[in-house]
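Visitor: My questions will all concern the structure given below.
Numbering (UniProt numbering), first residue to last: 1 to 259.
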């Protein structure tokens, strides 16, 4: 297909799952990737710990320009695709895309918006987790839903397990729905309607609030202790801890505890 007939697409994303998405998109005939917006900071501790791919290193080797959010304000594109991107897009960014911006949110919508939902899913004893593909607006994960994939949370699952599984299913969602997004036929379901249909309440989580749950209080029962430890089990991050007169004692899930 000639480039002039392809939809002009910009990817927002820094971590490995966004790099996987970029490689998949480059093999498609219906989109032309005109650039990626990603972090230019050194790789974070957790990403270094797992050997995560870095968009700012990979994209230039594939011939894809690195852009900034300010660059977006001077460009015209058809579709934006945000893949676990770490920054919120403002309305003026979204307005630069003819067909809109689609976001891969690493939690099930409409019930779990915001940051670190994988941690809160465990702390709140939720039975399911998941990932969502939705149209972006100027709110926090509040745009109309395209589709959601859910999966059961098992007693041995850690926050990292939920993160990884959500990313796997998220890529499946993108592969499933990109043709419809390009054709302009993808669903657009208001979250209020979905919440009413499912009978769920909508909650938004914030990173600075969630860190307060990391301390295991005296008198915690075994279930509370186990859930807190696995909720904060994530490579490169400080685990849950107990305060003692002699200092903090950190607790982690032992290898093989999923047996």
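Ideal Cβ placement from N, Cα and C applies to all residues, glycine included. As the structure is a computational prediction, the values presented were derived from the model and not from experiment.
(1) Are the Cβ atoms of residue 249 and residue 241 separated by less than 9 Å?
(2) Does the separation of the CB atoms of residue 132 and residue 157 fall below 9 Å?
(3) Name the one or two DSSP bridge partners that residue 7 has.
(4) Among 50, 36, 77 and 76, which has the Cα closest to the Cα of residue 60?
(5) Tell me the rounded alpha-carbon separation between residue 81 and residue 54.
(6) Going by beta carbon distance, what residues of the same chain come within less than 7 Å of residue 177, once the five residues before and after it are set aside?
(7) Among the candidates 46, 197 and 90, whose CA atom is the shortest distance from the CA of residue 139?
(8) Output the residue ranges of the alpha helix (DSSP H) runs that lie fully inside the region 210-237 and measure 4 residues or longer, sorted by chain position.
(9) Compute the Euclidean distance between the alpha carbons of residue 207 and residue 19, then round it to the nearest angstrom.
(10) Output the residue ranges of the alpha helix (DSSP H) runs that lie fully inside the region 87-114 and measure 4 residues or longer, sorted by chain position.
(11) Enumerate, from N- to C-terminal direction, the unbroken alpha helix (DSSP H) stretches of 4 or more residues contained entirely within the region 131-191.
(12) Does residue 57 pass the burial test, meaning 16 or more other C-beta atoms within 10 Å, or should it be called exposed?
(13) Please go through the region 31-86 and give each complete alpha helix (DSSP H) segment of 4 or more residues, from N-terminal end onward.
(14) Is the region 24-38 touching the region 216-226, taking contact as three or more C-beta pairs under 8 Å?
(15) So residue 249 is in the beta strand (DSSP E); what residue range does that whole segment cover?
(16) Shortest alpha-carbon distance to residue 151 belongs to which of 202, 192 and 128?
(17) Quick one: any contact between the region 189-205 and the region 90-104, if contact means 3 or more CB pairs under 8 Å?
(18) Going by DSSP, what residues sit across from residue 242 in a beta bridge?
(19) Considering Cα atoms alone, identify which of 191, 198 and 230 is closest to residue 213.
(20) DSSP on residue 128, reduced to helix/strand/coil?
(21) Quick check on residue 135: buried or exposed, where buried means 16 or more other Cβ atoms within 10 Å of its Cβ?
(22) If we call anything under 9 Å between Cβ atoms a contact, is residue 46 one with residue 245?
(23) Buried or exposed: where does residue 260 fall if 16 or more other Cβ atoms within 10 Å of its Cβ makes it buried?
Guide: Taking the definition as stated:
(1) What you label residue 249 is simply residue 249 of the chain shown in a count that begins at 1. What you label residue 241 is simply residue 241 of the chain shown in a count that begins at 1. It is a contact, given that the beta carbons lie within the stated cut-off.
(2) Numbered from its first residue, the chain shown carries residue 132 at position 132. Numbered from its first residue, the chain shown carries residue 157 at position 157. Between residue 132 and residue 157, the C-beta gap is not smaller than 9 Å, which leaves the two residues out of contact.
(3) What you label residue 7 is simply residue 7 of the chain shown in a count that begins at 1. Residue 7 is bridged by DSSP to 31.
(4) Stepping through the chain shown from its first residue, residue 60 is reached at position 60. Nearest C-alpha to residue 60: 36.
(5) Position 81 of the chain shown, counted from the first residue, corresponds to residue 81. Position 54 of the chain shown, counted from the first residue, corresponds to residue 54. Near 17 Å, if we compare the C-alpha coordinates of residue 54 and residue 81.
(6) For this step, residue 177 is matched to residue 177 along the chain shown. 133, 146, 147 and 186.
(7) The residue given as residue 139 occupies position 139 in the chain shown. Nearest C-alpha to residue 139 among 46, 197 and 90: 90.
(8) Fully enclosed alpha helix (DSSP H) runs of 4 or longer: 222-231.
(9) As a working mapping, residue 207 is identified with position 207 in the chain shown. As a working mapping, residue 19 is identified with position 19 in the chain shown. Each residue's alpha carbon lies about 24 Å from the other.
(10) Entirely contained in the region 87-114, the alpha helix (DSSP H) runs reaching 4 residues are, in chain order, 91-94.
(11) Residue ranges of uninterrupted alpha helix (DSSP H) with 4 or more members, entirely inside the region 131-191 and ordered along the chain, are 159-183.
(12) Walking along the chain shown from the start, residue 57 turns up at place 57. Burial is judged here by how many other beta carbons sit within 10 angstroms of a residue's own beta carbon; residue 57 has fewer than 16 and is exposed.
(13) Segments of the alpha helix (DSSP H) lying fully in the region 31-86: 45-50, 55-61 and 69-72.
(14) No, because fewer than three Cβ pairs between the region 24-38 and the region 216-226 fall closer than 8 Å, the two stretches do not touch.
(15) The count along the chain shown starts at 1 and reaches residue 249 at position 249. Residue 249: member of the beta strand (DSSP E) spanning 247-251, first to last residue.
(16) For the purposes of this step, residue 151 is taken as residue 151 along the chain shown, with counting starting at 1. Of the candidates 202, 192 and 128, the one whose C-alpha sits nearest the C-alpha of residue 151 is 128.
(17) Taking 8 Å as the limit for Cβ pairs, the verdict is that the region 90-104 does not touch the region 189-205.
(18) Along the chain shown, read from residue 1 onward, the residue named residue 242 stands at position 242. In the DSSP output, where bridge partners are listed per residue, residue 242 has 249.
(19) Along the chain shown, one-based indexing puts residue 213 at 213. Of the candidates 191, 198 and 230, the one whose C-alpha sits nearest the C-alpha of residue 213 is 230.
(20) The residue given as residue 128 occupies position 128 in the chain shown. Here residue 128 carries a strand assignment [DSSP, helix/strand/coil].
(21) Position 135 of the chain shown, counting from 1, holds the residue named residue 135. Residue 135 comes out buried.
(22) By one-based count along the chain shown, residue 46 stands at place 46. By one-based count along the chain shown, residue 245 stands at place 245. Against a cut-off of 9 Å, the Cβ pair of residue 245 and residue 46 comes out as no contact.
(23) Not covered by the structure: residue 260. The range shown for the chain is 1 to 259.
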